[in-house]
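K.L.:
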Amino acid sequence: MPDLSQLGIDLEPANIKLQVEHKFQDVVNRLSWNHVTFSSTSEFVTASTFMNPDIYVWERSHGSLVKILEGPREELGVVEWHPSRPMVVACGLESGCIYTWSIVTPQKWSALAPDFGEVEENVEYVEREDEFDVHPAEEIHQRRLDQEDEVPDVLTIEPHKSGTDEEMESFRMPVLLDISDSESEEDIIAVGPGTMRRRSPGAGRDWASGDGEKESTGGRNGTSRGQKGRRR
């Protein structure tokens, strides 16, 4: 329907010209319609069918069928849209019951609580003894202060809890995690990227053999190299 207020005050019904925008019909079953109505925004056209329990919904701007609402096993008469919500209501002709169709929005609790886990069936949960205890605010504040004073232990290596004796008694390379515990820098050698260890005892010392020859065990990498003196 055009805006009639823009046509002037001397409007006569004979001067109004309306054009057919779309023609809605069931080209397959050739069904007739009991009642037709617009949606609240006039974007959709809804009609109930004659001798059929279905409700047809078309898009008004394009004229395409977007949805067929399957109702109860009885013919439906008057059908109406909700003024502001996506809901359709219809009246049954045989039983006189009123049926409604609406969009069911699933509840997503994970949007409110990120750590919320959805389960498909009931799960038995055993809570801790003090999990739901209500503590005073002063006690909670004091616990937080005590935890801030604790120094975290980053040097202790805990064994793997696998339960096998072979892994518990396996050889572990002695590594000095804190270089400041060493007496001198010469006692520390690099064994890998970011890994340090103490120098082996006796490394770098000169040992004299029985025939007067000297062998030196040197190098910061702990390897021994023998050097034989020459006599003239």
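Residues in the sequence shown are numbered consecutively from 1, following UniProt numbering.
Ideal Cβ positions, reconstructed from N, Cα and C, are used throughout, including at glycine.
All of these numbers come straight from a predicted model, not from anything done at the bench.
#1: Ignoring anything shorter than 3 residues or poking outside the segment 62-150, list the beta strand (DSSP E) runs there in chain order.
#2: Starting from D54, follow the beta strand (DSSP E) in both directions and report where the run begins and ends.
#3: On a CA-only basis, which of N15, R143 and S39 is nearest V79? Give me that one, please.
#4: Report the three-state DSSP secondary structure of S48 (helix, strand or coil).
#5: Measuring alpha carbon to alpha carbon, tell me which residue in E74, H62 and I68 is nearest S47.
#6: Taking residue 234 as the reference, which of G77, H82, Q25 and V88 has the closest Cα?
#7: Go ahead and label G210 buried or exposed: buried means 16 or more other beta carbons lie within 10 angstroms of its beta carbon, across all protein chains shown.
#8: H35 bridges to which residues according to DSSP?
#9: By how many angstroms is the C-alpha of I16 removed from the C-alpha of T37?
#10: In whole angstroms, what separates the C-alpha of E75 from that of P53?
#11: G63 and F24: beta carbons closer than 8 Å?
#12: How many Å lie between E150 and E129 at the Cα?
#13: Might you give, ordered along the chain, the residues of its own chain that have their beta carbon closer than 8 Å to the beta carbon of D26, omitting 5 neighbours on each side?
#14: DSSP has A14 in a bridge; who is on the other side?
#15: Inspect the beta-carbon positions of R60 and V45 and report whether they are closer than 8 Å.
#16: Determine the direct distance from the alpha carbon of A90 to that of W109, and round the result to whole angstroms.
P.N.:
Quick answer:
#1: Runs of the beta strand (DSSP E) lying entirely within the segment 62-150, each at least 3 residues long, are 65-70, 76-81, 87-92 and 98-102 in chain order.
#2: Start and end: D54 to E59.
#3: It is S39 whose Cα lies nearest to the Cα of V79.
#4: DSSP places S48 in strand when its eight states are reduced to three.
#5: Per the sequence shown, the amino acid found at residue 47 is Ala instead of Ser. When each option's Cα is compared against that of A47, the closest is I68.
#6: The question about residue 234 has no answer here: the residues shown for the chain are numbered 1 through 232.
#7: Per-residue confidence for G210 stands at a pLDDT of 47, beneath the threshold of 50, marking its modelled position as unreliable; the derived number appears in the next sentence. By the neighbour-count criterion, in which a residue is buried when 16 or more other Cβ atoms sit within 10 angstroms of its Cβ, G210 is exposed.
#8: Residue pairing by DSSP places H35 opposite S48 in a beta bridge.
#9: Looking at the two C-alpha atoms, the distance is approximately 23 Å.
#10: Rounded to the nearest angstrom, the two C-alpha atoms are 5 Å apart.
#11: Cβ atoms of G63 and F24: closer than 8 Å.
#12: C-alpha separation (whole angstroms): 25 Å.
#13: Taking C-beta separations shorter than 8 Å and ignoring five residues to either side along the sequence, the partners of D26 in its chain run T49 and Y56, following chain order.
#14: Partner(s): none; A14 has no beta bridge.
#15: Yes, they are a contact pair.
#16: Distance from the CA atom of W109 to the CA atom of A90, rounded to whole angstroms, is 33 Å.
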